[in-house]
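Structure first, then comments.
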Amino acid sequence: MDVLKRLRPILIGTVAAGVLLGGTACMRVNDFQSLEQYTPSEGVPVEILPSEADSPADTTQVPIKIRNLMIVQDEGGDAVLAGAVISPIDTKLESIEGTALDVEGKPLGELKVSGADFTLKADEPMNFEGQDVKVTSSDMEPGLLTELTITFATGEPATVQVPVVDGSKSNYDNFPENTPSAPVEVENP
């Protein structure tokens, strides 16, 4: 009995050291997921480097950044482009062209994008939904992807696959309607 009392602390220490060492080894092999950078959103990120001729020397490597880019489609099939964009220099969004894709990523049909021609001021963020960029196609539906080619006056065109999300879900209630609402009269005080 005395032998067990004397060995008990040693056994407990050995087991504790083994557990601690095993846990440390697992952390050494596997990175923490929170250390991996990602965009926590349903949309996709896009970065477009301006050409050197169009940008000041100190901003040649700072891209035009688009975050959380997605197409929000309502039950009637009307859709708007959503996402935020910021540019290091003054530039103009010249066009957005695209194609609806099927579940295998094969082209279904062309998208018609309207309202995609606005100016960006340097370092001033802008939301696509505030610019009323509308997307139409009979082949587009929530859950599928589209392929968009975005062209700014500066930089090369960027082609990216963009998800179509269901605008009837409550988390998209604040997006603008694709059809205009009735005018509202405002009284001046």
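The opening position of the sequence shown corresponds to residue 847 in my numbering, with each subsequent residue numbered one higher.
Beta carbons: idealized from backbone N, C-alpha and C, even for Gly.
None of these values were measured; they are calculated from a predicted model.
Pair within 9 Å by beta-carbon distance, residue i and residue j
i: residue 932; j: residue 891; result: no
i: residue 973; j: residue 923; result: no
i: residue 811; j: residue 1007; result: Limits of the chain in this structure are 847 at one end and 1035 at the other, which puts residue 811 out of reach.
i: residue 920; j: residue 989; result: no
i: residue 1001; j: residue 910; result: yes
i: residue 915; j: residue 889; result: yes
Inter-residue Cα distance where the pair is residue i and residue j
i: residue 1025; j: residue 980; result: Residue confidence for residue 1025 is low, a pLDDT of 46 falling below 50, so the modelled location carries little weight; the figure read from the coordinates is stated next. Cα-Cα distance, rounded: 10 Å.
i: residue 982; j: residue 957; result: 6 Å
i: residue 954; j: residue 925; result: 17 Å
i: residue 1028; j: residue 1010; result: Bear in mind that the predicted position of residue 1028 carries a pLDDT of just 49, short of 50, making it too unreliable to give a figure here.
i: residue 867; j: residue 854; result: 20 Å
i: residue 862; j: residue 851; result: 17 Å
i: residue 849; j: residue 859; result: 16 Å
i: residue 992; j: residue 896; result: 24 Å
i: residue 1016; j: residue 987; result: 18 Å
For residue j and residue i, believed in contact at Cβ under 8 Å, the rounded distance
i: residue 917; j: residue 998; result: Not really, about 19 Å apart at Cβ, beyond 8 Å.
i: residue 944; j: residue 959; result: 6 Å
CA nearest to the CA of residue i, picked from the options
i: residue 994; options: 946, 856, 867; result: 946
i: residue 978; options: 927, 867, 913; result: 927
i: residue 969; options: 984, 908, 915; result: 908
i: residue 1005; options: 912, 864, 985; result: 912
i: residue 984; options: 948, 1015, 1003; result: 948
*Given 8 Å as the limit, is there contact between the region 928-945 and the region 962-969, that is, 3 or more CB pairs closer than that?*
yes
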